[in-house]
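Peer 1: Structure provided below as structure tokens; questions to follow.
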Amino acid sequence: MKISVIIPAKNEENYLPTLLEEIEKQANHEPRIETIVAVAPSIDDTIGIARKFGVKVVKGGLPGIGRNAGAKIATGEIFFFLDADVVLSEDFFRNAVSEFSRKNLEIATAQIKTDSRNIIDRIYFSMYHIAILLSKIIRAPCAPGACMIVKREKFRASGGFDESLTFSEDAELTRRIAALGARFGILSSCYAIASNRRFVKEGRAKTAIRFLSTVCKNLLKIKIRQKGYYFVNDEAWKFENWQNKWNSYIASMKKIGNSNGHRVRKIARRISAKMLRKRRR
-9 MKISVIIPAK NEENYLPTLL EEIEKQANHE PRIETIVAVA PSIDDTIGIA RKFGVKVVKG
51 GLPGIGRNAG AKIATGEIFF FLDADVVLSE DFFRNAVSEF SRKNLEIATA QIKTDSRNII
111 DRIYFSMYHI AILLSKIIRA PCAPGACMIV KREKFRASGG FDESLTFSED AELTRRIAAL
171 GARFGILSSC YAIASNRRFV KEGRAKTAIR FLSTVCKNLL KIKIRQKGYY FVNDEAWKFE
231 NWQNKWNSYI ASMKKIGNSN GHRVRKIARR ISAKMLRKRR R
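Residue numbers for the sequence shown follow the working numbering, so the first one is -9 and each next one is one higher.
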């Protein structure tokens, strides 16, 4: 059996090598592995690292866009969508494919763990795992994009990720695939360790509130499109946000100037007249 591992990446030079090395190591055994990295515009050497490992490279963007781009050229029977910063358990792919096939699943996720020693992080990841279990029970399954496993036929039948979404596109896709009658499962024979860098960079309280809000929106089937849910390491978003605010300010000033143009000109004439009189004196 051949599988395709699809990794969206943006400014991931510090994390991508570890994942690609592990994939390369596990590729020496069954199943056969095809690796595709969808590189979004980056300011580091992410694309150079991907090419160094000899994997397929495609143009990426937001996670959904990158995953779709990778899936478009993927030839494996099963797609593994992984985040660039995850660390895989030993024999991850062999165990995952074996359990996936044995249980006759069509979409699944593995256990998502953390190696953080921070108690808040550990509590969060435990609650996150419980939330995924509950999503299966209430028939609103969620296979997180950090580790999503799906049959090629079901993925393509679903139309892929909704590229208009900036966050939780994984939960939305899982629901659509499940609606096609796909069997969802949580694999117990393997796991992926996810990075806690979002907590560190954005703050634990802020991140927890955002994810809680996301869970509620997922249950209510509300799609998330606001740009505040960009990549955690997306400096372009900060610049774009600043640029939008500046453009809005300029537009407001022009509007004020147009509506009060005669007043501004009148004041300017008075000031000019006063300055002229002073010079004459």
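Ideal Cβ positions, reconstructed from N, Cα and C, are used throughout, including at glycine.
(1) What number of angstroms, rounded off, separates the C-alpha of Ser158 from the C-alpha of Arg165?
(2) Residue range of the beta strand (DSSP E) that Gly175 falls in?
(3) Can you have a look at Ser311 and say buried or exposed, based on whether 16 or more other CB atoms are within 10 angstroms of its CB?
(4) Please return the same chain residues whose Cβ sits closer than 6 angstroms to the Cβ of Asn186, not counting the five positions on each side in sequence.
(5) Three-state secondary structure (DSSP) at Ser(-6)?
(6) Mapping DSSP to helix, strand and coil, what is Ala133?
(7) Please give me, in chain order, every unbroken run of the beta strand (DSSP E) with length at least 3 that falls completely inside the segment -4 to 47.
(8) Using a threshold of 7 angstroms, state whether the C-beta atoms of Ala(-1) and Thr36 are closer than that.
(9) Could you tell me whether the segment 62 to 69 touches the segment 166 to 173, where touching means 3 or more Cβ pairs closer than 8 angstroms?
(10) Residue range of the alpha helix (DSSP H) that Ile128 falls in?
(11) If Phe276 sits next to Arg57, beta carbons under 8 angstroms apart, how far is it from one beta carbon to the other, in whole angstroms?
(12) On a Cα-Cα basis, can you pick out the residue from Val29, Ile(-7), Leu6, Gly50 that is closest to Glu20?
(13) Does the beta-carbon distance from Ala74 to Glu2 come in below 7 angstroms?
(14) Less than 8 angstroms between the CB atoms is what I'm expecting for Gly54 and Leu155, so what's the real figure, rounded?
(15) Applying the 10 Å Cβ sphere with the 16-neighbour rule, what's the burial state of Ser91?
(16) Could you tell me which of Tyr5, Ile97, Thr25 sits nearest to Glu143, measuring between CA atoms?
(17) For the candidate residues Ala59, Arg84, Leu78, Ala17, whose alpha-carbon lies nearest to that of Tyr5?
(18) Beta-carbon of Leu10 versus every beta-carbon of chain C: anything under 7 angstroms?
(19) Just to confirm, is the Cβ distance from Ile122 to Cys132 under 7 angstroms?
(20) Buried or exposed: Lys217, going by 16 or more other Cβ atoms within 10 Å of its Cβ?
(21) Starting from the Cα of Val87, find the closest Cα among Ile102, Phe70, Lys15, Val76 and give me that residue.
(22) Nearest by alpha-carbon distance to Ala147: which of Leu163, Pro134, Gly135 is it?
(23) Pull up the distance between the alpha-carbon of Glu14 and that of Ser32, whole angstroms please.
(24) Of the choices Ile128, Ala130, Ile139, whose alpha-carbon is the least far from that of Arg84?
(25) How close, in whole Å, do the beta carbons of Phe115 and Ile102 come, if the pair is a contact with beta carbons under 8 angstroms?
(26) Helix, strand or coil: how does DSSP classify Leu155 here?
(27) Would DSSP call Leu95 helix, strand or coil?
(28) Thinking Thr99 and Ile23 are a contact (beta carbons under 8 angstroms), I'd like their distance in whole angstroms, please.
Peer 2: Looking at the atomic coordinates:
(1) Counting from 1 along the sequence shown, the entry for residue 158 is found at position 168. Counting from 1 along the sequence shown, the entry for residue 165 is found at position 175. Distance between the alpha carbons of Ser158 and Arg165: 11 angstroms.
(2) By one-based count along the sequence shown, residue 175 stands at place 185. That run of the beta strand (DSSP E) goes 174 to 183.
(3) Because residue 311 is not part of the residues shown, which for the chain are -9 to 271, the question remains open.
(4) Stepping through the sequence shown from its first residue, residue 186 is reached at position 196. Excluding residues within five positions, the ones whose Cβ falls inside 6 angstroms are Thr104, Ser106, Asp111.
(5) Taking the first residue of the sequence shown as 1, we reach residue -6 at position 4. In this structure, Ser(-6) counts as strand in the three-state DSSP scheme.
(6) One-based indexing of the sequence shown puts residue 133 at position 143. In this structure, Ala133 counts as coil in the three-state DSSP scheme.
(7) 22 to 29
(8) Counted from its first residue, the sequence shown places residue -1 at position 9. Counted from its first residue, the sequence shown places residue 36 at position 46. Contact flag set, yes.
(9) no
(10) Stepping through the sequence shown from its first residue, residue 128 is reached at position 138. It is not in any alpha helix (DSSP H) - Ile128 carries neither H nor E in the DSSP assignment.
(11) Because the chain spans -9 through 271 in this model, residue 276 falls outside it and cannot be assessed.
(12) What you label residue 20 is simply residue 30 of the sequence shown in a count that begins at 1. With distances taken between Cα atoms, Glu20 lies closest to Ile(-7).
(13) Looking up residue 74 in the sequence shown gives position 84. Looking up residue 2 in the sequence shown gives position 12. A contact, by the Cβ cut-off of 7 angstroms.
(14) For the purposes of this step, residue 54 is taken as the residue at position 64 of the sequence shown. For the purposes of this step, residue 155 is taken as the residue at position 165 of the sequence shown. Right, the Cβ-Cβ distance comes to about 6 angstroms (below 8 angstroms), so this counts as a contact.
(15) As a position in the sequence shown, residue 91 is number 101, starting the count at 1. That one is exposed.
(16) As a working note, residue 143 is residue 153 in the sequence shown. Residue Ile97 is the option with its Cα nearest to Glu143.
(17) The residue given as residue 5 occupies position 15 in the sequence shown. Looking at the Cα atoms, Leu78 is the closest of the given residues.
(18) Of the protein chains in this structure there is only one, and it is not chain C.
(19) Here residue 122 refers to the residue found at position 132 of the sequence shown. Here residue 132 refers to the residue found at position 142 of the sequence shown. Cβ atoms of Ile122 and Cys132: closer than 7 angstroms.
(20) Along the sequence shown, one-based indexing puts residue 217 at 227. Any reading at Lys217 must be qualified, since the residue scores a pLDDT of 49, below 50, and its modelled position is unreliable; no value is offered.
(21) Position 97 of the sequence shown holds residue 87. Taking only the C-alpha atoms, the option nearest Val87 is Phe70.
(22) Sequence index remark: in the sequence shown, residue 147 carries index 157 (1-based). Nearest of Leu163, Pro134, Gly135 to Ala147, Cα basis: Leu163.
(23) Translated into the one-based positions of the sequence shown, residue 14 becomes position 24. Translated into the one-based positions of the sequence shown, residue 32 becomes position 42. If you take the alpha carbons of Glu14 and Ser32, they lie about 23 angstroms apart.
(24) What you label residue 84 is simply residue 94 of the sequence shown in a count that begins at 1. If we check each option's Cα against that of Arg84, Ile139 comes out closest.
(25) Along the sequence shown, read from residue 1 onward, the residue named residue 115 stands at position 125. Along the sequence shown, read from residue 1 onward, the residue named residue 102 stands at position 112. At roughly 7 angstroms, the Cβ-Cβ gap stays under 8 angstroms, so Phe115 and Ile102 are in contact.
(26) Here residue 155 corresponds to residue number 165 of the sequence shown, with the count starting at 1. Leu155 falls in the coil class under three-state DSSP.
(27) Taking the first residue of the sequence shown as 1, we reach residue 95 at position 105. Coil, per DSSP.
(28) Counted from its first residue, the sequence shown places residue 99 at position 109. Counted from its first residue, the sequence shown places residue 23 at position 33. With 8 angstroms as the limit, Thr99 and Ile23 do not qualify as a contact, their Cβ atoms being about 18 angstroms apart.
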